[in-house]
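Single-structure report; data block below.
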Amino acid sequence: MRTKLLLERFSDDDKLIERREQFSRSFTLGFMRLLYVQHSQLSHSGLAVSASNLQVCSLPGYSSLFSSQGQMFGIVVGSGTGTPAPSDTCLYTPICHGRLYRAGAPASFLNPSFETGDFTNWTNSGGTIQNGDWGLKNGTYYVQFTSENYIQQAIDLTNISTISFQLYGGDIADQLSFRVSVDGVIINERVLARNSNFPLQIVDVSAYTGTHTIRFTSHKLTGYDRTSYLDDIRTYGSQLEFGGCEITNLRFGTINAHNGEFTVSRFFTNHSGNSIAVTEAGMVAYPGLFIAHDTFGAITLTDGQLLKVSYIPQITV
Amino acid sequence: MKQQIELKQEVKQIKINREAMLPGEFGCMLELTVHKPTGEVTEHRIVKSKSFVRQFLEILWVQCYNLPSILAGGTTPKDTSNTARGVDQASGNFSAVAAAGITTNGIIVGTGTTLPTVNDYKLEVPIPHGAGAGQIQYGAMTFGAPTATASMSQFRLTRDFSNSCGESIFVKELGLYVIASGYYFLAIRDVLESSVEVPDGEILTVNYEEMATV
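Chains as they are written, first to last, in the working numbering: chain Y, 1 to 317; chain S, 1001 to 1214.
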C-alpha cells in the first residue's frame, strides 16, 4: 500500500492556484504500533486496544473541552525542514490553529520533553522525573507532580503565539487543577477529571513580548495530595485556521494503476494578515499518535489563501 | 554440506526482497520456514507479500473515520462467507488473534492457485485443521512487538502449522483473516509462485512481517 500526498493551494475566492502530488514517504512507528495493538489485542508501551484507535476524522479548530478533536487529530502542517524518520513523534515545527502571525521562528523551551532524564534547564520544585507509561508522552521521560509542585523556565515570547503540552492527571475527580502562569500571573487553569488524559493543552501567550518566566503548577483544590503528569512542552509561531479533517471517497476498481483508495483531507486557511510558508505535513491518529510525516518544498499562503492537504492510501493487487 | 550452501543462498535472497519495498510503502514480507521438530530447517523462503485486498482498506477506512454504529451500513465489506456486513468502529477491529485449531481468524494456509484480486473475500481452498488426510494442525497466533530502524518500522504476526496427516501437504496460498464488528474478513491474500512442501512430521512457520519504509 502506498499513500499519495496531494497539496492544493486555493485563492480566497476558491480558485486553484497550485497543485502538487507526491507519494507520502513515511508511515511512522506510531502507525505500526496502532495496527499491532489492534491485530494482537495487546497493550504496547501504554497504548491500549480501543474502538477509536486510528481515528483521524476530526472537528475543525481547537477545543479545550474535547481532547480528541480539532487540531489534535487528523492532518497537521508545519514549517520545519528535514528528512522524516520512522521514529518521528511530531512535526519539526508545527503550526497550530488560529489567526496570529509571528515574523520570526518561535523560541523553544530547552529540554522540553525532559529527555535528559532530569530537570536540566528547568527550575524544579517537587516534581520528579518518571519513565513509565501513560500512553501519550513524547519520548522516554516525563514529569510527575504531587499537588503543590511546579517547574519553570524563562523564554523569549516575542515570536511565540501559543504554548502546548501533554497533561494527564488526577486519580480522584475535581481535587486537582493545573495552572500555567507568566511571571507569577496565572493565565490558564484546568480542573482535572479522574484519570483524565489531555493530549494537547493550548495556552495563548500572544500578548507578551520579551523574556518571561513560564511556570507549570500542579495545584491541590481539596482532599489528599494527587498526582498529575506533564510532558512535551511545545511553542508555536504563526497560525493557520484548521478546518475539519474528513474521510471520503472510498472506492475500488481500476483507478490509474491501483485497485482501491480513500481520501483523508483537511483545509488550512491563512487569516494571519501575512504570508505563511508550509513545508511539512503529517497525520495524528487517536489516541494522539503521530502516524505519518512528510516534508516538501515551501508552499507559501498569502493572507486569505487556503491549503488543502490530502492523504490518499492506495492498494494495488 | 549441500544443505548449508542452499541456506546461504536463501539469506542472500532475503536482503534483495527486503530492498524491494518502495520508499514510503506500507506492506508485508512473507517468511516461510519448514523445519523438523528438532529445529532443523528444510526450507526457508522470504517473499514480498503482494496483496492487501479491499476488506483491509474498508476496515482501515472505518477506523480512520471512527464510524459510529448507527452508520455501520455506510460500508459493507464481504466477510469470509461472501456476505456483506455492516461494520463500525470497534475495539476488536483488525484482531488477528486465534487459538490453536482456529481456522476462522489469523494466518490461514491453502492450496488454491488462482492469482489474487482486490475482490477476494477468502482463501480459494483453505486447508482444514486436523491430522487427517489433507489436513494440517493450526497453532496459536503469536505477535512480535513493533520496532523501528532509521529507515523502517515493523512488527510480526506468526503461526505454526504442523503436519501429521501421514503424507506431505503442499501450501500454495496464504492469507490473513481479521475480525471487524464480530465478523471475519480476508485482509491479505498471497499465492506463491511454487508450493511449499510440508512433509509429514514437519512444521511450517509463517511470518507476516508488516512494515513501513521511509
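Where a beta carbon is used, it is the ideal one built from N, C-alpha and C, also for glycine.
Where residue i falls, given that 16 or more other Cβ within 10 Å makes a residue buried
| i | result |
| --- | --- |
| Y:Q22 | exposed |
| S:T1080 | buried |
| Y:R251 | exposed |
| Y:S103 | It should be noted that the sequence gives Ala, not Ser, for residue 103 of chain Y. Classification for Y:A103: exposed. |
| Y:I255 | exposed |
| S:A1098 | buried |
| Y:F268 | buried |
| Y:T3 | buried |
| Y:Y378 | Residue 378 of chain Y falls outside the range modelled here, since chain Y spans only 1 to 317, and no answer is possible. |
| S:E1058 | buried |
| S:F1170 | exposed |
| S:P1037 | exposed |
| Y:Y232 | Here the sequence assigns Asp to residue 232 of chain Y, which means Tyr is not the residue at that position. Classification of Y:D232: buried, given that the 10 Å Cβ count is 16 or more. |
| Y:G273 | exposed |
| S:T1213 | buried |
| Y:K15 | exposed |
| Y:T235 | buried |
| S:E1193 | exposed |
| S:A1090 | buried |
Bridge partner(s) assigned by DSSP for residue i
| i | result |
| --- | --- |
| Y:H219 | Y:S177 |
| S:H1129 | S:I1136 |
| S:L1174 | S:V1109, S:D1190 |
| S:A1212 | S:F1026, S:S1153 |
| Y:D204 | Y:T162 |
| Y:C245 | Y:S58, Y:R266 |
| S:S1091 | According to DSSP, which records beta bridges pairwise, S:S1091 is partnered with nothing at all. |
| Y:F10 | Y:L16, Y:L306 |
| S:R1085 | S:R1085 pairs with nothing; no bridge assigned. |
| S:A1098 | Paired residues: none, contrary to the question. |
| S:D1200 | Answer by DSSP bridge pairing: none, since S:D1200 is not bridged. |
| Y:G260 | Y:F252, Y:I315 |
| S:F1052 | S:I1188 |
| S:N1207 | S:E1031, S:T1158 |
Simplified DSSP state of residue i, which is helix, strand or coil
| i | result |
| --- | --- |
| S:E1058 | helix |
| S:Q1003 | A caution first: S:Q1003 carries a pLDDT of 40, below 50, which makes its placement in the model too unreliable to give a value. |
| Y:L250 | strand |
| Y:F109 | coil |
| Y:H39 | helix |
| Y:Y141 | coil |
| Y:Q22 | strand |
| S:I1014 | Unreliable placement is indicated for S:I1014, whose pLDDT of 40 sits below 50; the coordinate value is still reported in the next sentence. Of the three classes helix, strand and coil, the one that applies to S:I1014 here is helix, per DSSP. |
| Y:F31 | helix |
| Y:G224 | Looking at the sequence provided, one finds Tyr at residue 224 of chain Y rather than Gly. Y:Y224: coil per DSSP, three-state reduction. |
| S:Y1065 | helix |
| Y:L157 | coil |
| S:V1118 | coil |
| Y:L320 | Within the shown structure, residues of chain Y are numbered from 1 to 317, placing residue 320 of chain Y beyond reach of any answer. |
| Y:L192 | coil |
| S:A1020 | coil |
| Y:A292 | strand |
| S:T1104 | coil |
| Y:T3 | strand |
| S:R1159 | strand |
| Y:L149 | A small correction: the amino acid at residue 149 of chain Y is Asn; Leu does not occupy that position in the sequence shown. DSSP places Y:N149 in strand when its eight states are reduced to three. |
Among the options, the one whose alpha carbon lies nearest that of residue i
| i | options | result |
| --- | --- | --- |
| Y:S113 | Y:A292, Y:Y62, Y:I129, Y:Q239 | Y:I129 |
| Y:Q175 | Y:Q166, Y:A193, Y:V185 | Y:A193 |
| S:L1186 | S:G1112, S:Y1208, S:N1119, S:C1064 | S:N1119 |
| S:T1113 | S:G1106, S:G1092, S:P1126 | S:P1126 |
| Y:Y208 | Y:T123, Y:P86, Y:I155, Y:S11 | Y:I155 |
| Y:E148 | Y:V182, Y:D303, Y:T28, Y:R226 | Y:R226 |
| Y:T279 | Y:Y236, Y:T116, Y:Y311, Y:G80 | Y:G80 |
| Y:F262 | Y:G273, Y:I247, Y:N270 | Y:I247 |
| Y:G244 | Y:I75, Y:C90, Y:Y150, Y:N53 | Y:I75 |
| Y:L221 | Y:R190, Y:L5, Y:S108 | Y:R190 |
| Y:G78 | Y:E241, Y:A257, Y:I186, Y:V317 | Y:E241 |
| Y:V185 | Y:I160, Y:Y101, Y:Q152, Y:A281 | Y:Q152 |
| Y:P84 | S:G1106, S:C1028, S:T1104, S:T1149 | S:T1149 |
| Y:S50 | S:N1093, S:T1158, S:T1213, S:V1214 | S:N1093 |
| Y:Y168 | Y:L157, Y:G117, Y:G46, Y:N53 | Y:G46 |
| S:E1167 | S:E1193, S:I1203, S:I1046, S:V1191 | S:I1203 |
| S:I1102 | S:H1129, S:A1084, S:S1091, S:T1083 | S:H1129 |
| S:S1195 | S:R1045, S:F1056, S:P1023 | S:R1045 |
| S:T1205 | S:M1152, S:F1155, S:T1033 | S:T1033 |
| Y:I291 | Y:F178, Y:N270, Y:P313, Y:L306 | Y:P313 |
| Y:Y62 | Y:Y229, Y:L5, Y:G98 | Y:G98 |
heavy atom of the ligand NAP below 8 Å from residue i C-beta
| i | result |
| --- | --- |
| Y:H39 | The ligand NAP is absent from the structure shown, which contains no ligand whatsoever. |
ask   = Hey, which unbroken runs of the beta strand (DSSP E) at 3 residues or more fall wholly within the stretch 41–100 of chain Y?
value = Listed in chain order, they are 74–78.
request  = Go through the stretch 263–287 of chain Y residue by residue and report every complete run of the beta strand (DSSP E) that reaches 3 residues or more, in order.
outcome  = 276–285
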